[in-house]
Each structure stands twice: as structure tokens, then as C-alpha cells.
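Here's the structure we're looking at; comments come further down.
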Amino acid sequence: GGGFLNYNAMQVKLEKKFSQGFYLLNSFTWSKAIDNASGHLEANNGDNSRVNYRDLRNEKGLGGYDQPFNNTSTVLYDLPFGKGKAFGGDWNRAVDNVLGGWRLSLINTMTTGVPVNLTYSPASAFSVSGSPNYRPNITGDPMMPEGSRTAQLWLNPNTVVVPTDRTTPFGNAGRNIARAPNFYQADLGLHKDFALTEQFKLSFRTEAFNVLNKTNLSAPNGNRSSSAFGSITSTYPARQLQFGLKLLF
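Numbering-wise (the working numbering), the sequence shown opens with residue 9 and increments by one.
Encoded structure:
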């Protein structure tokens, strides 16, 4: 880490224990992480593990992994079809092997977007060191107004300004003051064990990650010196499907 960390969190958990084939667990976390530098392996989205040691007070800001709201819901449901279930209890073995005994699982994740550290690239004659990142000046909210915010213009170039005072390359922008889009994803699974003999069982599983094919935007470019400043050029993975078979004996 960067020598200072303050993490406060409140967590609320709601759980319905497994009964009648149904289980629910919902975990909600409200938190805030503050530090003065990222760890070496946590320096993402313009943040840095090096700091301006002549002004450590102004390095204090949101941690690079700060996500105020995080909600994860997990559902397991044994579908009510087949032997011992509400429907299909009189099915013969062949039909029950195909249609009965399926379990559905769902994991739904919703989180606040991660912080973005605004930076710029000073000319070499203006730079005091290549180790820290240099933050620009801001004259207002660095985020575009919510109604005008697009993937092409997530940050406001009119309120983020490259410093021109050569006596100090460090602008007035705080650390990690912008934020990437929120993240939403639902993952669905379907599982069944097929009894082949008393000794052998075949386990089948299909999983759909991001089953609703939600477009989750990545973090915007936070370098004011870049022509792509404020734009988002990548997304998290689209829907992905996978199937698996396992022989148990």
C-alpha cells in the first residue's frame, strides 16, 4: 500500500436458508476507502504507487478500489419437476432422467464504478520526475453532466486544464476524483446429475455469464494530454456460454 489506509464499511446480509428447494443470499456493502497511494499491483486507471512526497497531504484521496455500493444476490432453486417434486412425480425413469432434477443458480452483481485519477503528460523540461503521475487543474466538475454523458465523452474537457505555470507541474485536481460507469451483471447456471448406474453418475452444467448481454463500459481515458481524453474505448466481456460434463463414480 501507500503508507496510509482508511477503510470504513457497513454490510447488510439477507439470507433465506435452503427450504423447499429455494435458497437466497443478498449481501449489500456500503463503504469508503481512503489512502494516499495505491499498492504496486493496484495502480489502475491513472493511479500510481508513487506520490509527490513534498505534498503528501494532497495525495490523500479515494483508494483506487473504492466502490461505495456493492450488492450481490445469489439464488439457488431446485426446479419442481421430477421424482419427489411438485410436478412429474409419476414420470418413468427415462423421462425423469431427462426432465427432472434440474437446479437453477443465479448470481446478480451490481457495483459502483471504480475511481479514475485525472492526469496529464508534462513536457520533459517541465517534469521533476518520471515516477509520479501529474494531475491537472480543474475549474469545475470533471464529469460530464449525467444527461450529456456518453461513451465518447464521459469526462468534461472544458473543466480539466493542463497547468501552464512552470514553477509547479502539480495541478489542483485531487486524486481519484472521477469515476467509471457502474457495473451490472447477471450470471445464470443450470445443473443436473444423471444417474447412469448405482455406481456411476454424470454431472452436467451449463453456465451463462452476463446472461442479459449487458454492455458494461470500462473506465474512461483520464489523461488530459491525450486526444482520447474522456472517452471509453473498451467494455467488459459480453455474454459468454460454457458447458461441462463430469463423470462421478
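Don't be surprised by glycine CBs; every beta carbon is placed ideally from N, CA and C. As the structure is a computational prediction, the values presented were derived from the model and not from experiment.
Those residues which DSSP pairs with residue i across a bridge
i      : result
Leu114 : Val83, Leu196
Asn14  : Ile42
Asn34  : Leu22, Ser81
Leu253 : Phe212
Ser27  : Phe30
Ile146 : Val168
Phe89  : Phe95
Phe123 : The residue you asked about is not Phe; residue 123 is Pro in the sequence shown. In the DSSP output, where bridge partners are listed per residue, Pro123 has Arg187.
Gly69  : Asp43
Met151 : Leu163
Thr241 : Thr241 is not bridged to any residue.
Gln248 : Phe217
Tyr128 : Tyr142
CB-CB length for residue i against residue j, believed under 8 Å
i      : j      : result
Lys40  : Asp74  : 6 Å
Val59  : Pro140 : 6 Å
Ala188 : Pro150 : About 13 Å; that fails the 8 Å criterion.
Gly72  : Ala94  : Gly72 to Ala94, Cβ: 49 Å. No contact.
Thr167 : Thr147 : 5 Å
Ala227 : Val124 : 5 Å
Asn34  : Glu67  : No, Asn34 and Glu67 are not in contact; Cβ-Cβ is about 36 Å, not under 8 Å.
Phe202 : Asn56  : Contact doesn't hold; Cβ gap of about 53 Å is too wide.
Minimum C-alpha distance to residue i - residue among the options
i      : options                        : result
Tyr142 : Ile115, Pro171, Asn116         : Pro171
Thr119 : Phe77, Ser211, Gly90           : Phe77
Lys200 : Leu163, Lys222, Gly252, Asn218 : Gly252
Leu126 : Tyr15, Asn231, Tyr244          : Asn231
Phe208 : Gln250, Phe217, Phe257         : Phe257
Gly197 : Ala203, Thr205, Thr214, Arg183 : Thr214
Ser132 : Lys68, Ala102, Asp104, Pro177  : Pro177
Ala246 : Thr147, Pro165, Asn221         : Asn221
Asn164 : Glu23, Ile240, Phe95           : Ile240
Ser129 : Gly121, Val122, Pro144         : Pro144
Lys254 : Ala227, Asn53, Leu107, Ser211  : Ser211
Asp63  : Gly182, Gln250, Asp195, Gln193 : Gly182
Gly121 : Tyr192, Thr167, Gly47          : Tyr192
Leu16  : Gly238, Leu70, Thr167, Asp98   : Note on identity: in this sequence residue 16 is Asn, with Leu being the wrong assignment. If we check each option's Cα against that of Asn16, Leu70 comes out closest.
Phe30  : Phe36, Thr80, Pro88            : Pro88
Gly238 : Asn224, Tyr244, Asn53          : Asn53
Leu13  : Gly179, Asn218, Val103, Ser46  : Ser46
Asn224 : Gly179, Ser233, Glu206, Thr243 : Thr243
Gln160 : Lys21, Asn229, Leu204, Ser57   : Asn229
Ala194 : Ser81, Thr205, Asp173, Trp99   : Ser81
Ile42  : Asn218, Gly179, Val103, Arg65  : Arg65
Any non-hydrogen atom of the ligand NAP within 7 Å of residue i CB
i     : result
Asp43 : The ligand content of the structure shown is nil, which means the ligand NAP is not present either.
Which ranges would you report for the beta strand (DSSP E) in the segment 172 to 231 if only whole runs of at least 3 residues count?
Every beta strand (DSSP E) of 3 residues or more that sits fully in the segment 172 to 231 is shown, in chain order, as 191 to 203, 209 to 217.
Quick test of the definition: if touching needs 3 or more C-beta pairs under 8 Å, does the segment 148 to 164 touch the segment 99 to 118?
Result no; under three Cβ-Cβ pairs closer than 8 Å.
Kindly confirm or deny that the segment 9 to 27 and the segment 97 to 112 touch, where touching means at least three C-beta pairs closer than 8 Å.
Short answer: they don't touch.
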